[in-house]
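A.B. asks: The sequence shown begins at 0 in numbering that gives the first Met the number 0 and counts up by one. C-beta: ideal position from N, C-alpha, C; glycine also. Owing to the predicted nature of the structure, the values given are computational and were not obtained by experimental measurement.
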Amino acid sequence: MNVIITAFERSPDGGQGLARDMRLRWALEEVGQPYEVRLVSFRAMKEPAHLAVHPFGQIPTYEEGDLALFETGAIVFHIAERHAGLLPADAHGRARAITWMFAALSTVEPPILELGTARIVESDKPWSKERLPLVEDRVRNRLHQLSSRLGDADWLDGRFSAGDLMMVSVLLRLKSSGILNGFPNLLAYVARGEARPAYVRAFDAQLAINKPLPR
Ligand code: GTB
Numbered sequence: 000m001n002v003i004i005t006a007f008e009r010s011p012d013g014g015q016g017l018a019r020d021m022r023l024r025w026a027l028e029e030v031g032q033p034y035e036v037r038l039v040s041f042r043a044m045k046e047p048a049h050l051a052v053h054p055f056g057q058i059p060t061y062e063e064g065d066l067a068l069f070e071t072g073a074i075v076f077h078i079a080e081r082h083a084g085l086l087p088a089d090a091h092g093r094a095r096a097i098t099w100m101f102a103a104l105s106t107v108e109p110p111i112l113e114l115g116t117a118r119i120v121e122s123d124k125p126w127s128k129e130r131l132p133l134v135e136d137r138v139r140n141r142l143h144q145l146s147s148r149l150g151d152a153d154w155l156d157g158r159f160s161a162g163d164l165m166m167v168s169v170l171l172r173l174k175s176s177g178i179l180n181g182f183p184n185l186l187a188y189v190a191r192g193e194a195r196p197a198y199v200r201a202f203d204a205q206l207a208i209n210k211p212l213p214r
């Protein structure tokens with residue numbers, strides 16, 4: 000069955016791996032499932048054809064025959080359930096890996112997104128200088144907790160899983176902020192994720208479609 004995902008026609012980061020189609024590409028590469036990419040413009044994302052698949056008018060989406068999905072957490076989980084390689088075979092290990100997926104998306108990602116909003120969208124507000132340190136502290140608090148749990152392990156629970164894929168994807172958003180530098184084990188954890196051959200293939204594919212057009 001053909002798999003088709005959607006991605007930005009032009010990603011705001013120029014294809015540096017931050018747009019969320021990267022999570023799907025990485026998961027699909029990890030399990031060896033070929034996929035096609037349908038590129039969508041910001042305008043097309045808000046039009047009925049795309050809204051029929053993604054009610055919030057965003058990317059990425061995932062189509063496989065008559066199945067259409069949105070939300071990266073649900074899609075990566077679907078891919079991990081369908082193929083070997085992203086979830087442990089034993090029931091408890093599997094449940095823990097899924098727990099880490101949820102932790103990445105519902106406990107670690109929200110303060111990181113909030114930081115992006117505080118730094119970029121709200122930077123010109125009169126209260127921004129006062130609020131920013133509070134938001135940064137909330138991110139550091141989560142990183143501290145995550146760093147303590149990871150310790151000197153390579154991955155969060157034994158072998159690499161969909162939980163690590165999601166957690167690394169979420170942490171990558173912080174790379175340019177410098178905040179991760181205070182957590183050497185998390186920096187190394189992210190670097191381990193980025194060094195995986197499947198990640199490299201996914202990154203290169205996303206970058207390739209965002210390359211500036213020749214003049
Ligand atoms: N919860 C959803 C999921 O996980 O699938 C969130 C999906 C989402 O936020 N999609 C974004 C989107 O479509 C793209 S990834 N935005 C357009 C819109 O809402 O109108 C977020 C993103 C975009 C660009 C960068 N970047 O360039 O640095 C980073 C992250």
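What is the rounded straight-line gap between the Cα of LEU17 and the Cα of ARG24?
C.D. replies: Locating residue 17 in the sequence shown gives position 18, counting from the first residue. Locating residue 24 in the sequence shown gives position 25, counting from the first residue. Near 12 Å, if we compare the C-alpha coordinates of ARG24 and LEU17.
A.B. asks: Runs of 4 residues minimum, wholly inside the segment 53 to 97: which ones carry the alpha helix (DSSP H) assignment?
C.D. replies: 71 to 81
A.B. asks: Please find out if some non-hydrogen atom of the ligand GTB comes closer than 7 Å to the beta-carbon of ARG139.
C.D. replies: The residue given as residue 139 occupies position 140 in the sequence shown. Outside the cutoff, so no.
A.B. asks: Measure the beta-carbon distance from PRO110 to VAL138 and round it to whole angstroms, keeping in mind my assumption that it falls under 8 Å.
C.D. replies: Locating residue 110 in the sequence shown gives position 111, counting from the first residue. Locating residue 138 in the sequence shown gives position 139, counting from the first residue. Contact flag correct, Cβ pair sits at about 5 Å.
A.B. asks: Taking buried to mean at least 16 other C-beta atoms within 10 Å of its own C-beta, is GLY94 buried or exposed?
C.D. replies: Counting from 1 along the sequence shown, the entry for residue 94 is found at position 95. According to the sequence displayed, residue 94 carries Ala and not Gly. The residue is exposed, with fewer than 16 neighbouring Cβ atoms inside 10 Å.
A.B. asks: Excluding the 5 residues preceding and the 5 following ASP89 in the sequence, name in chain order all residues of the same chain whose CB lies nearer than 6 Å to its CB.
C.D. replies: Residue 89 sits at position 90 when you count from the first residue of the sequence shown. Cβ within range, chain order: n/a, list empty.
A.B. asks: Tell me the rounded alpha-carbon separation between MET100 and PRO47.
C.D. replies: As a working mapping, residue 100 is identified with position 101 in the sequence shown. As a working mapping, residue 47 is identified with position 48 in the sequence shown. In a straight line, the C-alpha of MET100 is about 30 Å away from that of PRO47.
A.B. asks: Within 10 Å of its beta-carbon, does ARG22 have 16 or more other beta-carbons around it, so buried, or fewer, so exposed?
C.D. replies: Counting from one through the sequence shown, the residue named residue 22 turns up at place 23. Buried, because 16 or more other Cβ atoms sit within 10 Å of the Cβ of ARG22.
A.B. asks: Decide yes or no for the touch test of the segment 190 to 210 against the segment 125 to 142: beta carbon pairs closer than 8 Å, at least 3 of them.
C.D. replies: no
A.B. asks: Do you know offhand how far SER160's Cα is from HIS82's?
C.D. replies: Sequence index remark: in the sequence shown, residue 160 carries index 161 (1-based). Sequence index remark: in the sequence shown, residue 82 carries index 83 (1-based). Approximately 12 Å between the Cα atoms of the pair.
A.B. asks: Where are the alpha helix (DSSP H) runs, 4 residues long or more, that stay fully inside the segment 161 to 197, in chain order?
C.D. replies: Fully enclosed alpha helix (DSSP H) runs of 4 or longer: 161 to 171, 183 to 194.
A.B. asks: I need the DSSP call for LEU149, collapsed to helix, strand or coil.
C.D. replies: Taking the first residue of the sequence shown as 1, we reach residue 149 at position 150. Correct three-state label for LEU149: helix.
A.B. asks: Is the separation between the beta-carbon of LEU164 and that of LEU170 shorter than 8 Å?
C.D. replies: Translated into positions along the sequence shown, residue 164 becomes position 165. Translated into positions along the sequence shown, residue 170 becomes position 171. In this structure, LEU170 does not lie closer than 8 Å to LEU164 by Cβ.
A.B. asks: Any heavy atom of the ligand GTB closer than 7 Å to the beta-carbon of PHE159?
C.D. replies: As a working note, residue 159 is residue 160 in the sequence shown. PHE159: no, Cβ never under 7 Å from the ligand GTB.
A.B. asks: GLY162 and LEU245 - do their beta-carbons sit closer together than 8 Å?
C.D. replies: Given a span of 0 to 214 for the chain in the structure shown, any question on residue 245 remains unanswerable.
A.B. asks: Do you know how far the Cα of SER122 is from the Cα of THR98?
C.D. replies: As a first step, residue 98 must be located in the sequence shown, where it is residue number 99. As a first step, residue 122 must be located in the sequence shown, where it is residue number 123. Roughly 34 Å separates the two Cα atoms.
A.B. asks: Output the distance between the C-alpha atoms of GLU135 and VAL120, rounded to the nearest integer angstrom.
C.D. replies: As a working note, residue 135 is residue 136 in the sequence shown. As a working note, residue 120 is residue 121 in the sequence shown. Distance between the alpha carbons of GLU135 and VAL120: 15 Å.
A.B. asks: Can you name the start and end residues of the beta strand (DSSP E) that VAL36 belongs to?
C.D. replies: Counting from one through the sequence shown, the residue named residue 36 turns up at place 37. VAL36 -> beta strand (DSSP E) spans 35 to 39.
A.B. asks: So, at 8 Å on beta carbons, what are the nonlocal neighbours of ARG148 in its own chain, with the 5 sequence-adjacent residues on each side left out?
C.D. replies: Reading the sequence shown from its first residue, position 149 is the one you call residue 148. Cβ neighbours of ARG148 beyond the five flanking positions: LEU155.
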